[in-house]
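Trainee:
Protein chains in written order, with the working numbering: chain F, 504 to 617; chain B, 5 to 122.
Here's what the structure looks like:
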């Protein structure tokens, strides 16, 4: 049971390049999330998927797109990377109607845009 | 919208001592959940403790306990017998229990960096 996995762990992009961050969970969770973490800012929600087939914007969605490919996988795409998107990205998931709604996090992807 | 405030950007504690990390939040809701997450240098976010707002009893997990003051909207984390492995960034988080989109997300504070001195 790997929990929440993310690929890649590190990535360097040039301004204007595109890339997709991958996330998968093997806990049969319904909801999945993408956050970004910047120094002094805590974690801010980019997009979330309450259940398979649905996605919604969070606090900071501009410049990103997401795809909930199936129940296990939730990807985050940067179409045209900008230096402001340099950050650490976390994927998380939770099982609806279990516990108190705590989310389980992946190990993060450190992205640098030059 | 809910907000979570952690007023201490950094704290330090001597090994084996006790330390308390502060968290306050702003909400108009009467029922909600609160969490503390730990983020060590590995970056992995680890759930430390959780509290249901309708429960008056403070949650406890081994050396970690909370002081939940609902009227004051305060949710502090106490770490007893601090260990070197407790050194990490600690985040306080809030979750609504209402239906709808807000139910699905966590609102995080900006974090408190805890240093444990040997």
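Heads up, the beta-carbon is just placed ideally off N, CA and C, and yes, glycines get one too.
Check whether the Cβ atoms of residue 41 of chain B and residue 95 of chain B sit closer than 7 angstroms, and answer yes or no.
Mentor: In the second chain, the residue the question calls residue 41 of chain B occupies position 37. In the second chain, the residue the question calls residue 95 of chain B occupies position 91. Yes, the Cβ-Cβ distance between residue 41 of chain B and residue 95 of chain B is below 7 angstroms.
Trainee: Helix, strand or coil for residue 590 of chain F, going by three-state DSSP, please let me know.
Mentor: What you label residue 590 of chain F is simply residue 87 of the first chain in a count that begins at 1. Strand.
Trainee: Taking only the alpha-carbon atoms, compute the straight-line gap between residue 574 of chain F and residue 517 of chain F and give it to the nearest angstrom.
Mentor: For the purposes of this step, residue 574 of chain F is taken as residue 71 along the first chain, with counting starting at 1. For the purposes of this step, residue 517 of chain F is taken as residue 14 along the first chain, with counting starting at 1. Residue 574 of chain F and residue 517 of chain F: Cα-Cα distance of roughly 32 angstroms.
Trainee: Specify, as a first and last residue, the run of the beta strand (DSSP E) that residue 525 of chain F falls within.
Mentor: Mapped onto the first chain, residue 525 of chain F falls at position 22. Looking at the DSSP string, the run of the beta strand (DSSP E) that includes residue 525 of chain F is 522-528.
Trainee: Taking the alpha-carbon of residue 56 of chain B as reference, which of B:78, B:47, B:67 has the nearest alpha-carbon?
Mentor: Indexing the second chain from 1 puts residue 56 of chain B at position 52. Closest by alpha carbon: B:78.
Trainee: Any Cβ of chain B within less than 7 angstroms of the Cβ of residue 582 of chain F?
Mentor: Residue 582 of chain F sits at position 79 when you count from the first residue of the first chain. No, because no Cβ of chain B sits closer than 7 angstroms to the Cβ of residue 582 of chain F.
Trainee: I'd like to know if the segment 504-516 of chain F and the segment 544-557 of chain F are in contact, where contact means that at least 3 CB-CB pairs between them fall below 8 angstroms.
Mentor: no
Trainee: Would you check if there are 3 or more beta carbon pairs closer than 8 angstroms linking the segment 8-26 of chain B to the segment 571-588 of chain F?
Mentor: No, they do not touch.
Trainee: Buried or exposed for residue 116 of chain B, please, with buried defined as at least 16 other CB atoms from any protein chain shown within 10 angstroms of its CB.
Mentor: Here residue 116 of chain B corresponds to residue number 112 of the second chain, with the count starting at 1. Flag for residue 116 of chain B reads buried.
Trainee: At a CB-CB cut-off below 7 angstroms, which residues of chain F make contact with residue 108 of chain B?
Mentor: For the purposes of this step, residue 108 of chain B is identified with residue 104 of the second chain, where counting begins at 1. In chain order: 534, 551, 553.
Trainee: Comparing C-alpha positions only, which one of F:528, F:519, F:534 sits nearest to residue 580 of chain F?
Mentor: Along the first chain, read from residue 1 onward, the residue named residue 580 of chain F stands at position 77. Ranking F:528, F:519, F:534 by CA distance to the CA of residue 580 of chain F puts F:519 first.
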